[in-house]
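This report concerns only the one structure given below.
In my numbering, the protein residues as written are 1 to 779.
Have a look at this one:
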């Protein structure tokens, strides 16, 4: 295929006049290839009636008024002759920036040199207008930006241009300049890159990208040039590229040094998960396992993927089996480095330890060993403690250490970690039942996420879930339903943060059970069960949440059987006999178990002696979250109502609704529909609640979300007792079991069943169960 036809060269008469008018005796045209230096010299020589001297050897002094010297690219020219250095004779020289001309600096010091660079050699609009019509000249200038080589051909192909750029422009420049060009292409210009050169290259960005990739690949193939490139990457702050380049040529010590400079075990938070995984994969296993920082990094990588056992094994192989004995580590912490102790505190987040006050004191003793200016390590210490305060429901203390962690992360300039703290601050507020302040922290988290310099899709999903849960808390289910429909798969397989899993389990299962089905909620919980294999706290959390979901679906007996099967001390018998012990419970999971059993007892036996007093004790427990306290107060109002104390019932319910309105917390009340529907149905209570505007607003949101105006059983003509008996037979309970559970005789149970059969038009037990399911009494 014939090459594209060349255009006649533009006659640069104006530029020639400017060169000849220069007062200095040495005029230097110094610019990259393609700037038209040789053509300009040829036109100048023709005008002067002489020829262009093209050689690396210095021109012989002659009687010519002006010598024209075009130094060949890639050559090492002889020194500039003394006659030109001293200013006795005139010379015009063209060379590339990388070509060194000896004696030129001496001439410059004498004041005899005038340098013309890229900007002076560009072809301007006026020159183009003299050579072509104005409209064509403007178009040519916009396409070329005045770069002569782009005017020399009608339309140079991208591949052809890329080869030219690679061989003529990129090959001669230093690694530092090459990396600076790459930074410019990525939108991060640096002082190293010449602004003149960058303006020149702007029209050929696509070709430059191909050329740059080819040149970088060529340099990486040669160890010495690759080493120069790695150093340039590190100088530019491109630590991942520097590390992988060192790794590619087998220089792992240098790669490890850059890894340490780039954050070490905190590399993940400064450069992102993809870069973290990439650099760790580049170290040979035997090398990595012999390096303390890399072993801790590999352990962190395992923890982030929920592989606690692998993380423990990595530490044990490097530091001895004693490292996994938390008590021993902090009792004999002089055996271990400060950095390892700090990492061991972080690792506690993912393990099943329950920190006692004594252990907390030992952990806090390590804080004194951490340098005051090591902000990222101190911040991570407070971050770890924050997790345990949340787990232990010490929410006021959690807010305090969150502020401390945030301060250190801001000082360390690690927005990703600051994002996680804001996320946890929002979570704490949601646990308190304070959706309004949770939103404020979520907005701050969004600002930190926006400041992260790399893509972090997992964190974007976390923020989306948080915002959806805040909306859900305020009575807007659509965002959470949408998240669970579109983002759930990626979220389930993402990074594991224990407190955030608890948060996801609770809101996800509640939303799915209320707006989809109980089956959907149980399937959602099952997807998380894989983590209970390596972490018991997740397994127990899932079992407890499933029991609550079954209660919400009116499958009370199945829920009771599930929680009774758990090997814990908080049994139904323990709760039934408990008094002040309920007020003293501290463990998060024990509190949840006790509340599930209390809820069951309130549902089955609301007139049971001392139940009111027991609920008072659990409400007085300072370790309850705000959400849990709202729920327990609803149960107490229900008990007051069943015990015919309507004044106390409506006063307490009004207080609960007003608190929910103030905090923007509708979701906890929505989960108590089984009790609230009967309470608000009662005329004296319902009318009393309608007096308060905030309470009316809460009621409207609950009804919009599915709270019936009357109980389902009442809608179908069933009494409360008939409804309860019907639900229990739907779960497979025998008449004898129902009688024992409700404190009735078997004859009374049969009486209620016969009434229910009659009202539903059924003759047999199976027909009644089918009718109960069709009416939505059991899901």
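All C-beta atoms, glycine included, are put in the ideal place defined by N, C-alpha and C.
Quick check on residue i - is its C-beta less than 9 Å from some C-beta in chain C?
{"i": "residue 73", "result": "No chain C appears in this structure, which consists of one protein chain only."}
Taking all protein chains shown into account, decide if residue i is buried (16 or more other Cβ within 10 angstroms of its Cβ) or exposed.
{"i": "residue 21", "result": "exposed"}
{"i": "residue 614", "result": "buried"}
{"i": "residue 506", "result": "buried"}
{"i": "residue 26", "result": "buried"}
{"i": "residue 245", "result": "buried"}
{"i": "residue 372", "result": "exposed"}
{"i": "residue 411", "result": "exposed"}
{"i": "residue 181", "result": "buried"}
{"i": "residue 441", "result": "buried"}
{"i": "residue 10", "result": "buried"}
{"i": "residue 434", "result": "buried"}
{"i": "residue 557", "result": "buried"}
{"i": "residue 388", "result": "buried"}
{"i": "residue 364", "result": "exposed"}
{"i": "residue 92", "result": "buried"}
{"i": "residue 647", "result": "exposed"}
{"i": "residue 518", "result": "buried"}
{"i": "residue 510", "result": "buried"}
{"i": "residue 600", "result": "buried"}
{"i": "residue 764", "result": "exposed"}
{"i": "residue 15", "result": "buried"}
In the DSSP output, which residue or residues are listed as bridge partners for residue i?
{"i": "residue 70", "result": "94"}
{"i": "residue 29", "result": "94, 116"}
{"i": "residue 53", "result": "69"}
Check whether the Cβ atoms of residue i and residue j lie closer than 9 Å to each other.
{"i": "residue 300", "j": "residue 311", "result": "yes"}
{"i": "residue 275", "j": "residue 240", "result": "yes"}
{"i": "residue 500", "j": "residue 480", "result": "no"}
{"i": "residue 398", "j": "residue 417", "result": "no"}
{"i": "residue 392", "j": "residue 587", "result": "yes"}
{"i": "residue 264", "j": "residue 285", "result": "no"}
{"i": "residue 657", "j": "residue 695", "result": "yes"}
{"i": "residue 471", "j": "residue 460", "result": "no"}
{"i": "residue 323", "j": "residue 340", "result": "yes"}
{"i": "residue 326", "j": "residue 358", "result": "no"}
{"i": "residue 575", "j": "residue 598", "result": "yes"}
{"i": "residue 96", "j": "residue 148", "result": "no"}
{"i": "residue 660", "j": "residue 630", "result": "yes"}
{"i": "residue 169", "j": "residue 19", "result": "no"}
{"i": "residue 621", "j": "residue 583", "result": "yes"}
{"i": "residue 784", "j": "residue 71", "result": "Residue coverage of the chain in this structure runs from 1 to 779, which leaves residue 784 outside it and unanswerable."}
{"i": "residue 376", "j": "residue 419", "result": "no"}
{"i": "residue 649", "j": "residue 655", "result": "no"}
{"i": "residue 566", "j": "residue 542", "result": "no"}
{"i": "residue 484", "j": "residue 462", "result": "no"}
Starting from the C-beta of residue i, find all residues in its chain whose C-beta is less than 7 Å away, skip the five residues before and the five after it, and write them out in chain order.
{"i": "residue 701", "result": "475, 666"}
{"i": "residue 578", "result": "614"}
{"i": "residue 65", "result": "90"}
{"i": "residue 103", "result": "79, 80, 85"}
{"i": "residue 762", "result": "768, 771"}
Less than 6 Å between C-beta atoms, sequence neighbours within five positions excluded: which residues of the same chain meet that for residue i?
{"i": "residue 378", "result": "370, 408"}
{"i": "residue 268", "result": "276"}
{"i": "residue 533", "result": "Bear in mind that a pLDDT of 49 at residue 533, under 50, signals an unreliable position, so the number given afterwards is only what the model happens to contain. Around residue 533: no qualifying Cβ."}
{"i": "residue 726", "result": "756, 772"}
{"i": "residue 162", "result": "207, 210, 211"}
{"i": "residue 343", "result": "296"}
{"i": "residue 454", "result": "272"}
{"i": "residue 13", "result": "none"}
{"i": "residue 333", "result": "341"}
{"i": "residue 611", "result": "639"}
{"i": "residue 230", "result": "242, 245, 246"}
Can you list, in chain order, the residues of its chain with a C-beta nearer than 8 Å to that of residue i? Leave out the 5 residues immediately preceding and following it.
{"i": "residue 110", "result": "85, 86, 87"}
{"i": "residue 710", "result": "With a pLDDT of 44 at residue 710, under the threshold of 50, the predicted position of this residue should be treated as unreliable, though the coordinate-derived value follows. Hits under 8 Å: 677, 681."}
{"i": "residue 432", "result": "395, 625, 626, 627, 663"}
{"i": "residue 596", "result": "544, 547, 548, 551, 559, 563"}
{"i": "residue 402", "result": "382, 386, 421, 424, 425, 428"}
If residue i and residue j are in contact, beta carbons under 8 Å, what's the gap, nearest whole angstrom?
{"i": "residue 538", "j": "residue 528", "result": "7 Å"}
{"i": "residue 637", "j": "residue 679", "result": "6 Å"}
{"i": "residue 243", "j": "residue 290", "result": "Their Cβ separation, rounded to whole angstroms, is 17 Å, which puts residue 243 and residue 290 out of contact at 8 Å."}
{"i": "residue 689", "j": "residue 653", "result": "7 Å"}
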